[in-house]
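>
Residue numbers (our numbering): 93 to 167.
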């Protein structure tokens, strides 16, 4: 699971807290990627951050629903 974010983004901070909590509950590994450090990610997602990818596929953006993320990670 990947959280795509940028520094100074309050929605990214909120999403990170949800992702961290849900991944800890279900035992899923996750990583953060910074769009300011990756031109391709910036070009693709700059209007949507934060973006959550599950298995490399966009799951959600802006706000992360913990129940929906939990289902995606365990289903």
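Every residue gets a Cβ at the ideal spot worked out from N, C-alpha and C, and that includes glycine.
With a 10 Å radius around its C-beta and 16 neighbouring C-beta atoms as the bar for buried, classify residue 149 as buried or exposed.
exposed
> Let's test the definition: count the other Cβ atoms within 10 Å of the Cβ of residue 155 and tell me whether it reaches 16, buried, or not, exposed.
exposed
> Does the beta-carbon of residue 99 have 16 or more other beta-carbons within 10 angstroms, so that it is buried, or is it exposed?
exposed
> Counting along the chain, where does the alpha helix (DSSP H) carrying residue 204 start and finish?
Any answer about residue 204 is impossible in this case: the structure gives the chain only from 93 up to 167.
> If you follow the alpha helix (DSSP H) that residue 166 is in, where does it begin and where does it stop?
158-166
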